[in-house]
Amino acid sequence: MHSFKELLTTKISKKKPLVLVGLGNMGKSMLRGWLKNGVDSQAIRIVTPHPEMEYMDFSGIPSSHFMTDPKNMDDNASAIVLAVKPQNMDIVAPQYIKFAHNKSIFLSIAAGKSLSYFENIYGTDVPIIRCMPNTPGAIGHGISGMIANEVANMEHQNLCTSLMSGLGDVLWFDKEKEDQMNIVTGISGSGPAFIYHYLECIYQTGLKNGLEPDTAMQLANKTVIGSIMLLSKKIEESGGVDNANNLWSTQLREQVTSPNGTTFAGLQKLMNPDSGLQPLMDETIRLAIERSRELNSAPQNKSNE
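In the numbering used here, the protein residues as written are 1059 to 1363.
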């Protein structure tokens, strides 16, 4: 069985290149991961609105491999990775219909865009995989939810796992449960922003209580970072993140909480079942999930050619 790194180097070549559409933060993170894992820089094509600026960040890739559209590109790609914002997908996705004729794999990381959305553009006989990564993937500590259509076989799925593994862990979901991808979007896709805002709130509370900005920021940052590092250490020591019985967050919280102490007093508010953090987080993630579903509108540019 091939390792992820071997799959990338054997399935992607100059004759069967990898096409990356979009070079935002996530696109750049993926590209760096591919290069780090041994993908031939000569076997990568990149479509971006500003190729003359972007190629400077990736000097190992020929400048001629950066382009603004796929018009002059051969249609023999191994995979097309669609890394553009969902709001732009109606315009961008139809530009790659020619690759569907050679059964290239289409891998989308656009939030909310379903498998049927892309099948409506490329056809139902083309391997299509939907993925939802998150920004911690920029340092290799992300997690990506993935789902494949009926045509995408295990070989296709393994290649796409390899493409995303440089960003962190990969979770696959059953085709029959595609709506769970919207939940993935709300929890792990949007989740980092919710965590960062929690840190912002701690910082602002420090300011409101008289701390100097530098002191408030240091306390907020180190408290959150240190707590996550401690949680990570405990999880790894007791079986890893995929162990459903790992409730170290609960145990660590209880270790900090003395009866009738300061932490206990604060948690009385934070854990209030009606007005505390849980109902607020329920509603926050519900709105993100709802928005993910809304983004899955039918494409404006349909074609079965």
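Even glycine gets a Cβ: it sits at the ideal position worked out from N, Cα and C.
Starting from the C-beta of residue 1352, find all residues in its chain whose C-beta is less than 8 Å away, skip the five residues before and the five after it, and write them out in chain order. Taking the sequence shown and counting its residues from 1, the one referred to as residue 1352 is at position 294. Excluding sequence neighbours, residue 1352 sits near 1170.
Just reading off the alpha helix (DSSP H) that residue 1322 is part of, what are its end residues? Indexing the sequence shown from 1 puts residue 1322 at position 264. Annotation for residue 1322: the continuous alpha helix (DSSP H) segment containing it runs 1320-1328.
State the start and end residues of the unbroken beta strand (DSSP E) segment that holds residue 1227. Looking up residue 1227 in the sequence shown gives position 169. Unbroken beta strand (DSSP E) run through residue 1227: 1226-1230.
Ignoring anything shorter than 3 residues, give me the beta strand (DSSP E) runs that lie fully in the region 1137-1213, in order along the chain. 1137-1140, 1163-1166, 1186-1190 and 1200-1206
Whose CA, out of 1140, 1210 and 1263, lies closest to the CA of residue 1084? Translated into positions along the sequence shown, residue 1084 becomes position 26. Closest by alpha carbon: 1140.
Whole angstroms is fine: what's the gap from residue 1268's alpha carbon to residue 1317's? Reading the sequence shown from its first residue, position 210 is the one you call residue 1268. Reading the sequence shown from its first residue, position 259 is the one you call residue 1317. Straight-line Cα distance between these residues: approximately 27 Å.
When you compare only the Cα positions, how much space is there between residue 1340 and residue 1329? By 1-based counting over the sequence shown, the position of residue 1340 is 282. By 1-based counting over the sequence shown, the position of residue 1329 is 271. When rounded, the distance between both Cα atoms is 13 Å.
Does the beta-carbon distance from residue 1121 to residue 1075 come in below 8 Å? As a position in the sequence shown, residue 1121 is number 63, starting the count at 1. As a position in the sequence shown, residue 1075 is number 17, starting the count at 1. No, the pair does not count as a contact, with Cβ atoms beyond the cut-off.
Among residues of its own chain, excluding the 5 on either side of residue 1161, which ones have a beta-carbon nearer than 7 Å to its beta-carbon? Here residue 1161 refers to the residue found at position 103 when the sequence shown is read from its first residue. These residues qualify, in order along the chain: 1184 and 1185.
What do you get for residue 1104, buried or exposed, if any count of 16 or more other CB atoms within 10 angstroms of its CB means buried? Taking the first residue of the sequence shown as position 1, residue 1104 is located at position 46. By the 10 Å Cβ count, residue 1104 comes out buried.
Flag this pair as touching only if the region 1125-1134 and the region 1096-1110 have three or more C-beta atom pairs under 8 Å; answer yes or no. yes
Short check: CB of residue 1159 to CB of residue 1133, under 8 Å? Numbered from 1 along the sequence shown, position 101 holds the residue referred to as residue 1159. Numbered from 1 along the sequence shown, position 75 holds the residue referred to as residue 1133. In contact: residue 1159 and residue 1133 (Cβ atoms closer than 8 Å).
Starting from residue 1293, trace the beta strand (DSSP E) in both directions and tell me its first and last residue. As a position in the sequence shown, residue 1293 is number 235, starting the count at 1. Going by DSSP, residue 1293 is part of no beta strand (DSSP E) but of the alpha helix (DSSP H) stretching over 1271-1295.
Could you check how far apart the C-beta atoms of residue 1217 and residue 1163 are, in whole angstroms? I think they sit under 8 Å. If you number the sequence shown from 1, residue 1217 lands on position 159. If you number the sequence shown from 1, residue 1163 lands on position 105. About 7 Å separates the two Cβ atoms, so the contact holds.
For residue 1081 and residue 1069, the rounded distance between their alpha carbons: As a first step, residue 1069 is located in the sequence shown; it is residue number 11 there, counting from the start. As a first step, residue 1081 is located in the sequence shown; it is residue number 23 there, counting from the start. Roughly 22 Å between the two C-alpha positions.
By the three-class DSSP mapping on this structure, what secondary structure does residue 1305 have? As a working note, residue 1305 is residue 247 in the sequence shown. Coil.
Within 10 Å of its beta-carbon, does residue 1322 have 16 or more other beta-carbons around it, so buried, or fewer, so exposed? Position 264 of the sequence shown, counted from the start, is the residue given in the question as residue 1322. Residue 1322 is exposed by the Cβ-count criterion.
In whole angstroms, what separates the C-alpha of residue 1245 from that of residue 1144? Position 187 of the sequence shown, counted from the start, is the residue given in the question as residue 1245. Position 86 of the sequence shown, counted from the start, is the residue given in the question as residue 1144. Whole-angstrom Cα-Cα distance: 18 Å.
Specify the secondary structure class of residue 1104 as computed by DSSP and reduced to three states. Within the sequence shown, residue 1104 is the residue found at index 46, counting from 1. If DSSP states are grouped into helix, strand and coil, residue 1104 belongs with the strands.
Cβ-Cβ distance between residue 1119 and residue 1243 below 8 Å: The residue you call residue 1119 lines up with position 61 of the sequence shown. The residue you call residue 1243 lines up with position 185 of the sequence shown. It is not a contact, given that the beta carbons lie outside the stated cut-off.
For residue 1125, which residues does DSSP report across the bridge? Position 67 of the sequence shown holds residue 1125. Per DSSP, 1105.
Does DSSP put residue 1079 in a helix, in a strand, or in coil? One-based indexing of the sequence shown puts residue 1079 at position 21. Looking at residue 1079 - three-state DSSP - the assignment turns out to be strand.
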